[in-house]
Amino acid sequence: MALAGRVIASHYAEPLARRVTAATALRGAASGDGELLARLEPGTAFAMLDCTLGWAWGYAGDERRVGYVREETLGA
Numbered sequence: 473m474a475l476a477g478r479v480i481a482s483h484y485a486e487p488l489a490r491r492v493t494a495a496t497a498l499r500g501a502a503s504g505d506g507e508l509l510a511r512l513e514p515g516t517a518f519a520m521l522d523c524t525l526g527w528a529w530g531y532a533g534d535e536r537r538v539g540y541v542r543e544e545t546l547g548a
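Structure follows, in structure tokens:
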């Protein structure tokens, strides 16, 4: 990816549509200690842009809040 590091991922990655399947925290970092940005309820839409080491990064809900959630809390 020639643009990596220059352009945010949403400019060159097609988001994968997911749904939150279990209540989860949207965090500011890929860590259980990351800042809590929001609580996501089951059924909330999540647009996944990346997934690494069990953490999915993307944006959630109508507000499009950006952050990380545990991959196992998402379904198709």
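Under this note's numbering, think of the first position of the sequence shown as 473, with each following residue one higher.
Every residue, glycine too, gets a C-beta built ideally from N, C-alpha and C.
Going by the beta-carbon positions, is the gap between residue i and residue j smaller than 8 Å?
i: glutamate 513; j: valine 492; result: yes
i: leucine 509; j: leucine 498; result: yes
i: glutamate 507; j: cysteine 523; result: no
i: glycine 530; j: alanine 519; result: yes
Enumerate in chain order the residues of its own chain whose CB-to-CB distance from residue i is below 6 Å, with the five nearest sequence positions on each side excluded.
i: glycine 533; result: Thr516
i: alanine 548; result: none
What are the boundary residues of the beta strand (DSSP E) that residue i is part of?
i: glycine 500; result: Where glycine 500 is concerned, there is no enclosing beta strand (DSSP E), given that its DSSP letter is neither H nor E.
i: threonine 524; result: 517-524
i: glycine 539; result: 537-542
i: glycine 530; result: 527-532
i: alanine 510; result: 508-512
i: alanine 548; result: That residue, alanine 548, is in no beta strand (DSSP E); it is neither H nor E in DSSP.
Once you ignore the five residues that flank residue i on each side, which residues in its own chain have a CB closer than 7 Å to its CB?
i: alanine 494; result: Pro514, Thr545
Keeping to the same chain, check which residues put their C-beta closer than 8 Å to that of residue i; ignore five residues upstream and five downstream.
i: arginine 511; result: Ala495, Thr496, Ala497, Leu498
In whole angstroms, give me the CA-to-CA distance for residue i and residue j.
i: valine 541; j: arginine 490; result: 12 Å
i: alanine 485; j: glycine 504; result: 25 Å
i: leucine 488; j: alanine 528; result: 11 Å
i: arginine 536; j: glycine 500; result: 14 Å
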